[in-house]
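With positions in the sequence shown counted from 1, the corresponding number in this note's numbering is that position plus 6.
Each residue gets a CB set at the ideal place from its N, CA and C atoms; glycine is no exception.
On a predicted model such as this, the values are computed, not experimentally measured, just so you know.
Each remark here refers to the structure printed beneath this line.
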Amino acid sequence: MEAATQPAIFANAPDALAGDGRSVLPTSLEREIRAIYRRSPLYSQRFPLHDAPLQWSCYREIPVLTKQEILDRGHTAFFADYAAIERGLQEKRYEFEHTSGSTARPMTVVMEDGWWNAQLRRAYLAHPELAQYVDRPYRKAVLAPVGCSSNLCPYEDHPFPHRYFDGTVYLNLSSDPFVFAEAEWDRIVLELQALKPEVIEGEPIYLSLLARAVQKRKVCVPSIHTVILTYGKASRQHSRRIAEAFPAKQIDLYGSTEAGYIFVGDAFGDNLRAIDGNAFVELVPWRAPSTSAGQSRLTDVFQINVTTRDREAMPLLRYFTGDIVRRMPAGYRILGRERDLYVGADGRVVSAFEIDAALPDEFSCWHWSLVQVSEGRWDFQYVADAIAPAGMGAPLAAALGPDMRVNLFRRKFIQPAASGKFALLKPLAR
7 MEAATQPAIF ANAPDALAGD GRSVLPTSLE REIRAIYRRS PLYSQRFPLH DAPLQWSCYR
67 EIPVLTKQEI LDRGHTAFFA DYAAIERGLQ EKRYEFEHTS GSTARPMTVV MEDGWWNAQL
127 RRAYLAHPEL AQYVDRPYRK AVLAPVGCSS NLCPYEDHPF PHRYFDGTVY LNLSSDPFVF
187 AEAEWDRIVL ELQALKPEVI EGEPIYLSLL ARAVQKRKVC VPSIHTVILT YGKASRQHSR
247 RIAEAFPAKQ IDLYGSTEAG YIFVGDAFGD NLRAIDGNAF VELVPWRAPS TSAGQSRLTD
307 VFQINVTTRD REAMPLLRYF TGDIVRRMPA GYRILGRERD LYVGADGRVV SAFEIDAALP
367 DEFSCWHWSL VQVSEGRWDF QYVADAIAPA GMGAPLAAAL GPDMRVNLFR RKFIQPAASG
427 KFALLKPLAR
């Protein structure tokens, strides 16, 4: 059992946690925690703080904040006087977004004007490929679920000029790219050609299907130098299809509407790093759900609790994002949502990474989803131009563990969740 007085583990660079930090919290972390307590009455209601320097034992007693608690309490619980916030919304000093939170109960997120752009700028500065775009005009195209993490993703049928803001065009008018009509893809590809963006950003499945549309129309967009994969988990299959149409550097930018951007790195480079200026990223050793092998901690696998920095409206303290990461030699790898990870009877943890590795080199698809339908049976659904190689189910079953069976189903489309997002792995709920 971890000693209560032992320092917590963080993904941040050591310089971000200034101070001694052995028995008491680093100065920068304690300063942010006390600022959060001043800005939001929610936290003192949950766990009052004393005036003495905070020790690690006290830090660990601060309850972890979850999405469910935010949904249950409502966004107004973060504010002492929500009427003042409503006036601020009318005066454009604040803005709000809705994130899926859960597919049944959307989460309302309030942020001060300028916060999103400021943390996006810090995210860009944290990676050399993105830093080149900071503080200079450039053109970007976005293709993602409507109501996504961007402040401006539209969801009404606006003509092209009204979906173009500060050098960025938002390409789609609705979610679920599998049901876009050919005329809709014609419009999207034409706008892409007209804009000539240097950067294209999007949800990986959306971008994969855009790559299919571009190739089908025999179109090239040579202006694109950088592809940002965000809003959802990418498979190597998506990455390869995107690279065939847009042969540019691919960047993985991980975050959420409520917390902002948290990690950035090369796509599939296993070198994600915390964006120190945006958040303190606490690493809590993850205990996999109980199996026949029992419940055990996994080496270098963590849940992440996020404490936002320099945020006035709805600051988050020890907020569990729901994602699990693995520490790698050069940085971190996002394994995915906790609910989307499969833990086998032998204790192995299976993510999209392990499934990608089990797919044969000759297999090619635009999208796939592996769905557990019973204790020992899975359906591998895929959208592709050709039938999967014979026998491909066997290595997939081996990746999942002993006594598993995988059936292959080629589909014309795979439906997303109500939020417009896709899940690559869908294990049964435990």
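Legend entry - From E288, Q12, E103, R317, residue whose alpha carbon lies closest to that of S29: In terms of CA proximity to S29, Q12 leads the group E288, Q12, E103, R317.
Inset, instruction - May I have a chain-ordered list of the beta strand (DSSP E) segments no shorter than 3 residues that lie completely inside the stretch 86-155? - result: Entirely contained in the stretch 86-155, the beta strand (DSSP E) runs reaching 3 residues are, in chain order, 100-105, 113-118, 146-149.
Inset, instruction - Report the residue ranges of all alpha helix (DSSP H) runs contained in full by the stretch 234-279; include only those spanning at least 4 residues, in chain order. - result: With a minimum length of 4 residues, the continuous alpha helix (DSSP H) runs that stay inside the stretch 234-279 are 242-251.
Inset, instruction - Tell whether a beta-carbon distance below 8 angstroms holds between V116 and M320. - result: The answer is yes: Cβ separation under 8 angstroms.
Legend entry - Buried versus exposed, by CB contacts within 10 Å (16 or more), R339: Residue burial annotation: R339 is buried, with at least 16 other C-beta atoms found within 10 angstroms of its C-beta.
Legend entry - Residues that V355 bridges to, as DSSP identifies them: Answer is V349, bridged to V355.
Inset, instruction - Note down the Cα distance separating G426 from D391, rounded to an integer number of angstroms. - result: Rounded to whole angstroms, G426 to D391 spans 23 angstroms at the Cα level.
Legend entry - Separation of V389 from A219, as counted between CA atoms: Straight-line spacing of the CA atoms in A219 and V389 works out to 14 angstroms.
Inset, instruction - Could you say which of A251, V140, P151 lies nearest to V195 if we only look at CA atoms? - result: Minimum Cα distance to V195 is reached at A251.
Legend entry - Cβ shell of A438 (< 6 angstroms), same chain only, five flanking positions each side left out: No statement about residue 438 is possible, as the shown extent of the chain runs from 7 to 436 and does not include it.
Inset, instruction - Buried or exposed for V349, please, with buried defined as at least 16 other CB atoms from any protein chain shown within 10 angstroms of its CB. - result: Counting of Cβ neighbours within 10 angstroms places V349 among the buried residues, the total reaching 16 or more.
Legend entry - Limits of the unbroken beta strand (DSSP E) element including L341: That run of the beta strand (DSSP E) goes 337-343.
Inset, instruction - Report the rounded CA-to-CA distance for N157 versus E92, giving the unit in angstroms. - result: Reliability fails at N157, whose pLDDT of 43 lies under 50, so the model's placement of it is uncertain and no value is given.
Legend entry - 7 angstroms Cβ shell around L304 - same chain, five flanking residues per side excluded: The residues are W292, A294, V355.
Inset, instruction - Within 10 angstroms of the Cβ of C226, are there 16 or more other Cβ atoms? Answer buried if so, exposed if not. - result: By the neighbour-count rule (16 or more Cβ atoms within 10 Å), C226 is not buried but exposed.
Inset, instruction - Decide if R223 is buried, meaning its Cβ has at least 16 other Cβ atoms within 10 Å, or exposed. - result: Of the residues assessed, R223 falls on the exposed side of the cut-off, its CB having fewer than 16 other CB atoms within 10 angstroms.
Inset, instruction - From the DSSP output, read off the bridge partner residues of E38. - result: Paired residues: none, contrary to the question.
Inset, instruction - Per DSSP, which residues does T11 bridge with? Please list them. - result: Under DSSP, T11 shares a beta bridge with no residue.
Inset, instruction - Since I believe L131 is in contact with A137 (beta carbons under 8 angstroms), could you give me their beta-carbon distance rounded to a whole number of angstroms? - result: So it is a contact: roughly 5 angstroms between Cβ atoms.
Inset, instruction - For P6, name the three-state secondary structure that DSSP assigns. - result: The structure shown does not extend to residue 6, since the chain is modelled only from 7 through 436, so no value can be given for it.
Inset, instruction - Confirm, please, whether the CB-CB distance from I310 to E344 is below 8 angstroms. - result: No, Cβ-Cβ distance for E344 and I310 is not below 8 angstroms.
Inset, instruction - Would you please state the rounded distance, in angstroms, between the beta carbons of S214 and W374? I believe it to be under 8 angstroms. - result: Contact annotation, S214 with W374: C-beta distance approximately 10 angstroms; criterion of less than 8 angstroms not satisfied.
Inset, instruction - State the Cα-Cα distance for the pair R45 and Y260, rounded to the nearest angstrom. - result: Roughly 26 angstroms between the two C-alpha positions.
Legend entry - Through-space distance from K418 to L402, alpha-carbon basis: Cα-Cα distance, rounded: 21 angstroms.
Inset, instruction - Leaving aside the five residues before and after V290 along the sequence, list all residues of the same chain whose C-beta is less than 7 angstroms from its C-beta, in chain order. - result: Leaving aside the five residues that flank V290 on each side, the residues in its chain whose CB is nearer than 7 angstroms to its CB run, in chain order, F308, Q309, N311.
Inset, instruction - With a threshold of 16 other CB atoms inside 10 Å of the CB of L235, please say whether the residue is buried or exposed. - result: It counts as buried.
Inset, instruction - Evaluate A424 with the Cβ neighbour count: other Cβ atoms within 10 Å of its Cβ, from every protein chain shown; 16 or more gives buried, anything less gives exposed. - result: With fewer than 16 neighbouring CB atoms inside 10 Å of its own CB, A424 falls in the exposed class.
Legend entry - Beta-carbon gap between A364 and L431 smaller than 8 angstroms: Not a contact, by the Cβ cut-off of 8 angstroms.
Inset, instruction - Compare the beta carbon distance of L414 and A429 with 8 angstroms and say whether it is the shorter of the two. - result: Cβ distance not < 8 angstroms, so L414 and A429 don't count as in contact.
Inset, instruction - Output the distance between the C-alpha atoms of L323 and G173, rounded to the nearest integer angstrom. - result: So the alpha carbons of these two residues sit roughly 34 angstroms apart.
Inset, instruction - Look at the alpha carbon of D87 and the alpha carbon of H81, and state the distance between them as a whole number of angstroms. - result: Cα to Cα, the separation comes out at about 12 angstroms.
Inset, instruction - Specify the secondary structure class of I211 as computed by DSSP and reduced to three states. - result: For I211, the three-state secondary structure derived from DSSP is helix.
Inset, instruction - Closer than 6 angstroms by C-beta to E103: which residues in its own chain qualify, once you throw out the five before and the five after it? Chain order, please. - result: Shown here for E103: same chain residues with a beta carbon closer than 6 angstroms to its own, the five before and five after excluded, namely V115, T263 in chain order.
Legend entry - Counterpart residues of R411 in DSSP-defined beta bridges: Bridge partners of R411: R383.
Inset, instruction - Report yes if the C-beta distance between P203 and K239 is below 8 angstroms; otherwise report no. - result: Cβ distance not < 8 angstroms, so P203 and K239 don't count as in contact.
Legend entry - Per-residue DSSP class, three states only, for F286: Three-state result, F286: strand.
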